[in-house]
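**Student:**
Numbering (the UniProt record's numbering), first residue to last: 1 to 186.
#1: Quick check: what's the CA-CA separation for residue 63 versus residue 33?
#2: Take residue 55 as the anchor and find which of 73, 20, 115 and 24 has the nearest alpha-carbon.
#3: Rounded to the nearest angstrom, what separates residue 118 and residue 71 at their Cα positions?
#4: Would you identify the three-state DSSP class for residue 90, choosing helix, strand or coil?
#5: Tell me the residue span of the alpha helix (DSSP H) that contains residue 70.
#6: Once the 5 residues before and after residue 81 are set aside, which same chain residues still bring their CB inside 6 Å of it?
#7: Taking the continuous alpha helix (DSSP H) assigned at residue 119, which residues delimit it?
#8: Is the Cβ-Cβ distance between residue 19 and residue 108 less than 8 Å?
#9: Considering only the alpha carbon of each residue, which of 94, 43 and 122 lies closest to residue 79?
#10: DSSP beta-bridge partners for residue 54?
#11: How many Å lie between residue 35 and residue 88 at the Cα?
#12: Can you tell me the Cα-Cα spacing of residue 93 and residue 103, whole angstroms?
#13: Thinking C-alpha only, which one of 29, 61, 25 and 98 is nearest residue 113?
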């Protein structure tokens with residue numbers, strides 16, 4: 001399961017492909033008028049993240065491979081809308097039709113609603129990072145354990161770099177700090 005914390009980390013600190021264009025809570029009356037086809041919509045319920053892609057005509061596709069109404073998807077939850085500044089893939093409608101005929105197997109760590117949504121959008125940066133680390137959760141844990149000079153949480157007095165500095169300075173590749181070799185005695 002992708003937690004809200006993992007999603008915020010992934011999108012805010014490692015992705016330059018998506019930008020948040022709207023967020024809200026409860027009142028969804030004017031949301032559909034501002035949405036564009038291909039917008040990533042996330043909702044949260046008790047710290048559980050749900051993700052879907054807006055398909056137009058007040059419909060959202062999600063991992064259960066069903067289209068539901070926008071109102072049903074949002075269900076009065078708080079929500080965030082993210083958009084690809086470069087636009088959606090040219091074959092987006094075809095990808096949605098293909099997805100409607102597929103039978104995805106849910107896995108909370110490697111094939112959840114967020115993974116499904118990012119695949120539809122062909123979000124290359126997010127997909128590359130996720131595929132290297134197998135899931136958003138393992139990526140976050142990897143960052144905590146392997147990149148010792150980087151912290152995920154607010155900076156502390158030890159001089160560790162905030163993750164935003166790490167992500168913006170990086171080349172998009174993961175170059176973890178090598179494990180310290182254990183000294184052996186002979």
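Just so you know, even glycine gets a beta-carbon here, dropped at the ideal spot from N, CA and C.
**Tutor:** Per the coordinate set shown:
#1: The count along the chain shown starts at 1 and reaches residue 63 at position 63. The count along the chain shown starts at 1 and reaches residue 33 at position 33. Spanning the two alpha carbons is a distance of roughly 24 Å.
#2: Here residue 55 refers to the residue found at position 55 of the chain shown. Looking at the Cα atoms, 73 is the closest of the given residues.
#3: Here residue 118 corresponds to residue number 118 of the chain shown, with the count starting at 1. Here residue 71 corresponds to residue number 71 of the chain shown, with the count starting at 1. Cα to Cα, residue 118 sits roughly 21 Å from residue 71.
#4: On the chain shown, position 90 is the one that residue 90 refers to. In the structure shown, residue 90 sits in coil (DSSP, three-state: anything other than H, G, I, E or B).
#5: Locating residue 70 in the chain shown gives position 70, counting from the first residue. 70-74 is the span of the alpha helix (DSSP H), which, as asked, contains residue 70.
#6: Looking up residue 81 in the chain shown gives position 81. Result list for residue 81: 21, 22, 39 and 41, in chain order.
#7: Start at 1 with the first residue of the chain shown, and residue 119 comes out as number 119. Residues 113-121.
#8: Mapped onto the chain shown, residue 19 falls at position 19. Mapped onto the chain shown, residue 108 falls at position 108. The answer is no: Cβ separation not under 8 Å.
#9: Taking the first residue of the chain shown as 1, we reach residue 79 at position 79. For the residues 94, 43 and 122, the minimum Cα distance to residue 79 belongs to 43.
#10: Residue 54 sits at position 54 when you count from the first residue of the chain shown. 60, per the DSSP bridge assignment.
#11: Locating residue 35 in the chain shown gives position 35, where the first residue counts as 1. Locating residue 88 in the chain shown gives position 88, where the first residue counts as 1. One C-alpha to the other measures close to 13 Å.
#12: Stepping through the chain shown from its first residue, residue 93 is reached at position 93. Stepping through the chain shown from its first residue, residue 103 is reached at position 103. So the alpha carbons of these two residues sit roughly 18 Å apart.
#13: Position 113 of the chain shown, counted from the start, is the residue given in the question as residue 113. Distances from the CA of residue 113 to each of 29, 61, 25 and 98 were compared; the closest alpha carbon is that of 61.
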